[in-house]
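Participant:
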């Protein structure tokens, strides 16, 4: 079974803080993704990575950066957290980019106060 | 500009009956269409997919239909079971000529299967 784990289930941070969200997958997948899920908006892609040290912007990259130093680990960084970044953050990995079949972690509920 | 739309936020069905979840899209270049299921406090799980060159794919109780002329996708669950109660997201993927990639999700439909 593919396992995607995220470092925290719940996180509360203050406005202006730097926030790190970590994601680890154990299936040797090339591709990893970060999404945010908001009510009525579905899942929106923030960034994805198709190889170590490679990254591509998704639909809503503003205010975020990512890091992929090892194949199994993909980090999402909020350089200066803002209240509009309060959301559910989901990490995913996949073997094939094209087919769209992705394996998701349980999510991190981030609240920025 | 929502390229993938699920116009029904919720659906309630009696156990044993058919559940039909619908999805519309605008981009005729999408390569694959997928359905994901999400339970509360869990990440989405992949359910079933269909290539843009097909019109039907079946896996057990789940069948996905693709109508390209109408740009419409549907998921049929028959018979519906209480354990199917979840939020269902449709999604569409495209790998562009410049190698950029998109997987675009709809806003989700909450299915409730009543015992």
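Chains as they are written, first to last, in my numbering: chain S, 1 to 113; chain P, 114 to 228.
Glycine included, C-beta positions come from ideal geometry on N, C-alpha and C.
(1) Give the residues of chain P in contact with residue 85 of chain S, contact being defined as C-beta atoms less than 8 Å apart.
(2) Are residue 82 of chain S and residue 5 of chain S close, meaning C-beta to C-beta below 8 Å?
(3) Which class does residue 144 of chain P belong to by DSSP, given the choice of helix, strand or coil?
(4) How big is the Cα-Cα spacing for residue 37 of chain S and residue 89 of chain S?
(5) Answer with yes or no whether the minimum CB distance from residue 86 of chain P to chain S is below 8 Å.
(6) So with Cβ pairs under 8 Å, would you call residue 204 of chain P a contact of chain S?
(7) Within 10 Å of its beta-carbon, does residue 27 of chain S have 16 or more other beta-carbons around it, so buried, or fewer, so exposed?
(8) Just reading off the beta strand (DSSP E) that residue 56 of chain S is part of, what are its end residues?
(9) For residue 15 of chain S, which of helix, strand or coil comes out of DSSP?
(10) Would residue 227 of chain P pass as a contact of residue 127 of chain P if the rule is Cβ separation under 8 Å?
(11) Do residue 58 of chain S and residue 45 of chain S count as a contact pair if the criterion is CB distance below 8 Å?
(12) Is there a Cβ of chain S sitting closer than 8 Å to that of residue 138 of chain P, yes or no?
(13) Name the DSSP bridge partner or partners of residue 190 of chain P?
(14) Pick helix, strand or coil for residue 25 of chain S, following the three-state DSSP scheme.
Facilitator: Put simply:
(1) Working through the first chain from its first residue, we reach residue 85 of chain S at position 85. Per Cβ cutoff of 8 Å: no residues; residue 85 of chain S is ~19 Å from chain P at best.
(2) In the first chain, counting from the first residue as 1, residue 82 of chain S sits at position 82. In the first chain, counting from the first residue as 1, residue 5 of chain S sits at position 5. Result no, Cβ atoms of residue 82 of chain S and residue 5 of chain S do not sit closer than 8 Å.
(3) By 1-based counting over the second chain, the position of residue 144 of chain P is 31. Residue state, collapsed to three classes: coil.
(4) For the purposes of this step, residue 37 of chain S is identified with residue 37 of the first chain, where counting begins at 1. For the purposes of this step, residue 89 of chain S is identified with residue 89 of the first chain, where counting begins at 1. Spanning the two alpha carbons is a distance of roughly 6 Å.
(5) No answer is possible for residue 86 of chain P: the residues shown for chain P start at 114 and end at 228.
(6) As a working mapping, residue 204 of chain P is identified with position 91 in the second chain. Chain S contact via Cβ: present.
(7) For the purposes of this step, residue 27 of chain S is taken as residue 27 along the first chain, with counting starting at 1. With fewer than 16 Cβ atoms within 10 Å of its Cβ, residue 27 of chain S is classed as exposed.
(8) Locating residue 56 of chain S in the first chain gives position 56, counting from the first residue. Element bounds for residue 56 of chain S: 54-57.
(9) Start at 1 with the first residue of the first chain, and residue 15 of chain S comes out as number 15. Looking at residue 15 of chain S - three-state DSSP - the assignment turns out to be coil, as it is neither helix nor strand.
(10) As a working note, residue 227 of chain P is residue 114 in the second chain. As a working note, residue 127 of chain P is residue 14 in the second chain. Contact: yes.
(11) On the first chain, position 45 is the one that residue 45 of chain S refers to. On the first chain, position 58 is the one that residue 58 of chain S refers to. Cβ atoms of residue 45 of chain S and residue 58 of chain S: closer than 8 Å.
(12) Start at 1 with the first residue of the second chain, and residue 138 of chain P comes out as number 25. Chain S contact via Cβ: absent.
(13) As a first step, residue 190 of chain P is located in the second chain; it is residue number 77 there, counting from the start. Beta-bridge pairing links residue 190 of chain P to P:132, P:175.
(14) Here residue 25 of chain S refers to the residue found at position 25 of the first chain. Three-state DSSP puts residue 25 of chain S in a strand.
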